[in-house]
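Going by the UniProt record's numbering, the first residue of the sequence shown is number 1, and it counts up by one from there. Written below as structure tokens is the structure these notes are about.
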Amino acid sequence: MILYDISMIETGLVKLKGQEKMALKLFYWELEQHLSSSGASVVAIDNKIEQAMDLVKSHLMYAVREEVEVLKEQIKELIERNTQLEQENNLLKNLASPEQLAQFQAQVQTSSPTSGAQPASLVAPTGPPPQSLPPSQGMGPPV
């Protein structure tokens with residue numbers, strides 16, 4: 001069977017009987033409709049995919065923004081905590097006697113550098129620091 005281009009029929013290059021001509025025109029019309037509708041469905045599918053990708057993108061951006069806000073707050077809290085610990089450390093250094101500082105530095109130097117945390121006894125005295133002692137009570141051997 002030979003298929004003819006509709007233009008060949010219309011220009012008279014191919015002679016068809018009335019029914020054949022009508023059937024062929026109907027065939028081409030149906031084919032055109034199918035191709036155009038499938039093309040439209042491809043475009044519709046592409047549009048749906050693009051919409052879905054935009055939706056995913058907006059959800060991800062929202063989630064990232066929320067996570068950034070949480071992390072900013074955590075950073076702020078950590079900076080505040082670090083400042084507080086530095087102030088406490090400076091206070092303890094100022095209140096410690098030279099002998100205590102020397103003992104502490106010796107313990108720090110002999111402790112393992114691979115251990116992540118140092119014992120609490122190396123960092124701060126266990127009792128409350130003296131507020132203001134007369135010079136005669138603050139110096140000298142411990143009682």
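Don't be surprised by glycine CBs; every beta carbon is placed ideally from N, CA and C.
Under 9 Å between C-beta atoms of residue i and residue j
i: L85; j: K93; result: no
Spatial distance of residue i from residue j (CA atoms)
i: Y62; j: E69; result: 11 Å
i: G39; j: G18; result: 31 Å
i: S58; j: F27; result: 46 Å
i: E20; j: L35; result: 22 Å
i: R81; j: E67; result: 21 Å
i: Q103; j: L91; result: 17 Å
Any non-hydrogen atom of the ligand FMN closer than 8 Å to residue i Cβ
i: I45; result: Absence of the ligand FMN is noted for the structure shown, with no ligands found whatsoever.
Residue environment, residue i, which counts as buried when at least 16 other CB atoms sit within 10 Å
i: L133; result: For L133, the pLDDT reaches just 45, beneath the cut-off of 50, and the residue's location in the model is therefore unreliable, although a value from the coordinates is still provided. Answer is exposed; the Cβ neighbour count stays below 16.
Where residue i sits in the DSSP three-state scheme
i: S97; result: coil
i: S111; result: coil
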